[in-house]
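So the sequence lines, in the order shown, correspond to chains A and B. Counted the way this note's numbering counts, the first sequence spans residues 1062 to 1196. Counted the way this note's numbering counts, the second sequence spans residues 1062 to 1196. Data block below; observations after.
Protein chains: 2
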Amino acid sequence: MKIGELSKATGTNVETVRYYERIGLLPKPNRTGGNYRDYAPQEVDRLRFIRHARGLGFDISDIRSLLDLSEHPERDCCEVDQIATSHLASVESKIRQLGQLQQELVRMLRQCRGGQMADCRILLALADRGLAPHE
Amino acid sequence: MKIGELSKATGTNVETVRYYERIGLLPKPNRTGGNYRDYAPQEVDRLRFIRHARGLGFDISDIRSLLDLSEHPERDCCEVDQIATSHLASVESKIRQLGQLQQELVRMLRQCRGGQMADCRILLALADRGLAPHE
DNA sequence: CTTGACCCTGTAGTCCCTACAGGCACCATA
DNA sequence: TATGGTGCCTGTAGGGACTACAGGGTCAAG
Chain A
1062 MKIGELSKAT GTNVETVRYY ERIGLLPKPN RTGGNYRDYA PQEVDRLRFI
1112 RHARGLGFDI SDIRSLLDLS EHPERDCCEV DQIATSHLAS VESKIRQLGQ
1162 LQQELVRMLR QCRGGQMADC RILLALADRG LAPHE
Chain B
1062 MKIGELSKAT GTNVETVRYY ERIGLLPKPN RTGGNYRDYA PQEVDRLRFI
1112 RHARGLGFDI SDIRSLLDLS EHPERDCCEV DQIATSHLAS VESKIRQLGQ
1162 LQQELVRMLR QCRGGQMADC RILLALADRG LAPHE
């Protein structure tokens, strides 16, 4: 299976496949006579796994761990649980943060009554306090 | 006012201040005899504005526009409104996406009953389908 | 006069790709 | 057999928004 087919089968950009190989997330495949990468069918699964995990926001080092772990079927799966749990926590904290941003943006926008820049409430709101989006 | 004071007054990394200057977000300040940057007080406001907007997730090019607009007090503020509105939309869509991720992660984690890697539901869930986090 | 905190420039690294440039390999068609 | 088009190869640079040095200069206090 050539890189283009793997790419299509998994919905992954060809450049990304080569990138994953470069950083060691995908093993180096065999090569054909013409020096083309020649993938075994199970690489489709591995790459789907990677893409799905990336789609869920796991970072590459998490995925590296998950793949490593999955290659030791006899070991306990609590490490996997840990990675997923901590990722969930970070997703949830991001949701909370964004919720606050959203509220602040809504508040800013509600104050805008049109008019001139000089009185723009949005710019005022942005300028007003220091860093803190909270409070 | 030296760069370190500006940095403290705004809670911005010194390197970041120089970076903003390099990309033209902050004007080039005067220099002292010893070639130190010497900031006028209003730069504190400008930098606070920038950091606040960044904290709200506006990207640099948005901020550049907002700053440009704020320098034309006679113009209509609807462009500002537009930038903020479209940013709000993107925040809201990010929130929706993350909400879906969260649900999928929770679902995955609920299925984990501990045990061995070979039966790990989380790995299964990650491997199972193709790309789609949805459905 | 030396120490230490601060400042300077310039460059490289981070993360996760994406996008070339310049060149082979392969297959179908004329 | 020539040719064209597509796909593949390597290697490198870019992007966004910083961050982190290395290798120096400046300044105030002791």
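For each residue, glycine too, the CB sits at the ideal point set by N, CA and C.
Between the CA atoms of residue j and residue i - distance to the nearest angstrom
i	j	result
histidine 1056 of chain B	aspartate 1120 of chain A	Nothing in the structure corresponds to residue 1056 of chain B, since chain B is present only between 1062 and 1196.
glutamine 1161 of chain B	alanine 1145 of chain A	15 Å
cysteine 1138 of chain A	asparagine 1074 of chain B	41 Å
threonine 1093 of chain B	valine 1141 of chain A	56 Å
leucine 1152 of chain B	arginine 1083 of chain A	Reading the sequence as shown, one finds valine at residue 1152 of chain B and not leucine. C-alpha separation (whole angstroms): 33 Å.
lysine 1053 of chain B	serine 1154 of chain B	Examination of residue 1053 of chain B is not possible in this model, given that chain B is present from 1062 through 1196 alone.
aspartate 1180 of chain A	alanine 1186 of chain A	11 Å
asparagine 1095 of chain A	glycine 1065 of chain A	Asparagine is not the amino acid found at residue 1095 of chain A; the sequence shown has glycine there. Roughly 15 Å between the two C-alpha positions.
leucine 1149 of chain B	glutamine 1158 of chain A	13 Å
tyrosine 1081 of chain B	proline 1134 of chain A	50 Å
asparagine 1091 of chain B	glycine 1118 of chain B	30 Å
glutamate 1132 of chain B	serine 1122 of chain B	16 Å
leucine 1128 of chain A	alanine 1188 of chain B	10 Å
isoleucine 1156 of chain A	serine 1147 of chain B	19 Å
lysine 1069 of chain A	glutamate 1076 of chain A	12 Å
Contacting residues, own chain, Cβ-Cβ under 8 Å from residue i (five flanking each side not counted)
i	result
serine 1126 of chain A	Glu1140 and Ile1144
arginine 1136 of chain B	Leu1130
arginine 1199 of chain B	No answer is possible for residue 1199 of chain B: it lies beyond the span of chain B, which begins at 1062 and ends at 1196.
leucine 1184 of chain B	Met1178
glutamine 1163 of chain A	none
Close-in-space but distant-in-sequence residues of the same chain around residue i (CB under 7 Å, 5 per side omitted)
i	result
leucine 1067 of chain A	Val1078, Tyr1100, Glu1104, Val1105 and Leu1108
threonine 1071 of chain A	Val1105, Leu1108, Arg1109 and Arg1112
Close beta carbons around residue i, own chain, < 6 Å, minus the five adjacent residues each side
i	result
isoleucine 1124 of chain B	Ile1111 and Ala1114
glutamine 1172 of chain A	Arg1182
glycine 1116 of chain B	none
According to DSSP, residues forming a beta bridge with residue i
i	result
arginine 1092 of chain B	B:Arg1098
**Report entry** the region 1102-1117 of chain A / the region 1083-1094 of chain A touching (three or more Cβ pairs under 8 Å)
**Finding:** yes
Query - Stretch-stretch touch, CB-based, cutoff 8 Å, three pairs: the region 1097-1106 of chain B with the region 1167-1183 of chain A - result: no
Query raised in the report: Considering only residues of the region 1105-1131 of chain A, which uninterrupted alpha helix (DSSP H) runs meet the minimum length of 4 residues and lie entirely inside it, listed in chain order?
Result: 1121-1131
Report task. Just list the beta strand (DSSP E) runs in the region 1122-1182 of chain B, keeping only unbroken ones of 3 residues or longer that don't cross its boundaries, in chain order. Result -> none
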